[in-house]
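In this note's numbering, the protein residues as written are 531 to 903.
Using N, Cα and C, we set each Cβ at its ideal position, and we do this for glycine too.
Please read the structure below before turning to the comments.
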Amino acid sequence: MSQHPSPKATVAVFASPTSWIESDAVAQCHQVAALDGMRHVAGMPDLHPGKGAPIGAAMLSAVLYPFLVGSDIGCGIAVFPIKLRRVVPEKLAARFPDLDRVPDADDPAWDVVKGDIPAGHVEGLGTVGRGNHFVELARIGTVFEPEHANRLGLDAGDLVLVVHSGSRGLGERILRAHTEMHGAGPAPDPASYLALHDDAVRWGALNRRLLAARVAHALGAEPTEPIVDQCHNLVEVRDGLYLHRKGAAPGDGRGVLIAGTRGTPSYLVAGHAGADAGHSVAHGAGRKMSRADALRRGRAKHTVEELRRTPVGSVVVCGDRQLLFEEAPTAYKRIEQVIADLVAHGLATPVATTVPLVTYKTAEVGKGRRGRS
531 MSQHPSPKAT VAVFASPTSW IESDAVAQCH QVAALDGMRH VAGMPDLHPG
581 KGAPIGAAML SAVLYPFLVG SDIGCGIAVF PIKLRRVVPE KLAARFPDLD
631 RVPDADDPAW DVVKGDIPAG HVEGLGTVGR GNHFVELARI GTVFEPEHAN
681 RLGLDAGDLV LVVHSGSRGL GERILRAHTE MHGAGPAPDP ASYLALHDDA
731 VRWGALNRRL LAARVAHALG AEPTEPIVDQ CHNLVEVRDG LYLHRKGAAP
781 GDGRGVLIAG TRGTPSYLVA GHAGADAGHS VAHGAGRKMS RADALRRGRA
831 KHTVEELRRT PVGSVVVCGD RQLLFEEAPT AYKRIEQVIA DLVAHGLATP
881 VATTVPLVTY KTAEVGKGRR GRS
């Protein structure tokens with residue numbers, strides 16, 4: 531761990547010397563540390579540069595800054611058990627619904643919606659979104675902590691749905707309304723922002739449940755409750771201060787699914803991070819290439835068909851060729867190194883791996899699916 535004094539706050543990056551962390555990302559941590567009211571910035575081992583603020587960081591401040599959370603408020607990763615009789619990835623991939631489209635009014639997945647929809651925001655509900663969002667059918671691989679896994683009802687070989695999505699247009703609307711008035715400045719009325727923010731966090735959790743239910747029904751299974759669901763873009767009020775998380779999951783006593791890539795395992799961990807780490811753990815492997823670089827390098831090395839099959843033998847459902855390259859496994863850091871860094875710094879204990887079988891990114895138009903609206 532490297533710790534550097536700052537005029538305004540301390541900065542700690544929880545990565546080993548052999549881990550690849552871009553200097554631009556560390557520079558962004560120090561820029562954030564210089565903001566008024568900032569107390570501490572903790573960079574996770576998946577730290578990488580973002581638009582104006584680092585991704586993979588927890589930032590504690592006496593002042594609330596909406597731009598540090600960004601527009602995808604409430605984005606997170608949930609894990610849902612699922613029971614299927616026969617698992618043939620190619621056949622199951624063809625049965626995934628079009629998750630770019632809002633489900634029809636008579637879709638049975640709507641049964642998971644209990645009570646009011648947060649903020650009354652129906653637009654985009656039940657859709658996964660683009661970028662690094664996904665819905666994945668995976669198998670529990672290695673179990674490191676059988677007792678913990680059993681408490682979650684998991685055993686090696688079990689199937690789960692992993693859902694990574696957020697608040698879609700609702701979070702964007704909330705941040706836009708703030709930035710149009712105040713730019714990257716603080717929230718003049720933190721309570722008002724937090725009320726909107728909390729709606730977006732609840733909306734994101736509901737969206738993940740709805741996405742999982744849609745896929746479960748399409749695969750002939752019953753929807754289940756999530757056994758893990760942690761948001762990694764949010765503000766938490768702790769001891770009168772504002773803990774901003776941007777691509778960092780709450781890691782103080784909670785189970786967290788830390789996403790690898792579509793071609794590598796992900797890791798379910800038990801988080802036990804303290805104040806020096808912003809009570810947080812990593813949320814994924816973290817990008818090591820920009821989207822433009824991944825696109826340029828990927829096109830030189832791979833064909834589209836090669837990218838629809840992964841090194842672990844899983845199938846990728848993605849009708850957007852550019853997104854296939856941008857989100858290629860090689861565009862990300864090694865998830866094993868990220869987990870090793872968390873373990874080395876005492877922030878998390880691995881519980882089990884999840885190994886991809888089918889990863890949905892966006893619908894493949896023309897393969898029996900309806901086109902995007």
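Buried or exposed: residue i, going by 16 or more other Cβ atoms within 10 Å of its Cβ?
i	result
residue 756	buried
residue 707	exposed
residue 574	buried
residue 695	buried
residue 534	With a pLDDT of 42 at residue 534, under the threshold of 50, the modelled position of that residue is not reliable, and the figure given next carries that caveat. The residue is exposed, with fewer than 16 neighbouring Cβ atoms inside 10 Å.
residue 697	buried
residue 719	exposed
residue 894	buried
residue 600	buried
Can you check DSSP and say which residues form a bridge with residue i?
i	result
residue 580	Residue 580 is not bridged to any residue.
residue 788	797
residue 763	776
residue 886	668
residue 768	771
residue 548	Residue 548 is not bridged to any residue.
residue 600	Partner(s): none; residue 600 has no beta bridge.
residue 591	568, 772
residue 586	Answer is none; residue 586 lacks a bridge partner.
Say whether chain C places a C-beta atom closer than 7 Å to the C-beta of residue i.
i	result
residue 718	In the structure shown, chain C cannot be found, because there is only a single protein chain.
Please determine, among the options, the residue with the shortest C-alpha to C-alpha distance to residue i.
i	options	result
residue 866	611, 754, 685, 884	884
residue 771	699, 721, 656	721
residue 815	763, 871, 840	871
residue 774	739, 758, 724	724
residue 817	782, 862, 895	862
residue 889	588, 669, 826	669
residue 659	679, 741, 595	741
residue 801	880, 868, 622	880
residue 717	576, 561, 593, 869	593
residue 558	782, 580, 539	580
residue 633	745, 675, 600	745
residue 807	589, 546, 547	589
residue 703	663, 680, 682, 654	654
residue 824	798, 792, 839, 860	860
residue 597	714, 615, 643, 629	714
Three or more C-beta pairs under 8 Å: does that hold for the stretch 567-583 against the stretch 822-837?
no
Runs of beta strand (DSSP E) wholly within the stretch 688-737 (minimum 3 residues, chain order):
689-695
Which ranges does the beta strand (DSSP E) cover as unbroken runs of at least 3 residues, wholly within the stretch 819-880, from first to last along the chain?
845-848
Using 8 Å as the cut-off, can you tell me whether the stretch 875-883 makes contact with the stretch 578-593, which would need three or more C-beta pairs spanning the two stretches below that distance?
no
Pick out the complete beta strand (DSSP E) segments inside the stretch 626-681, 3 residues or longer, and give them in chain order.
664-673
Do the stretch 761-770 and the stretch 604-619 make contact, defined as three or more Cβ pairs closer than 8 Å?
yes
Between the stretch 539-559 and the stretch 785-793, do at least 3 Cβ pairs fall closer than 8 Å?
no
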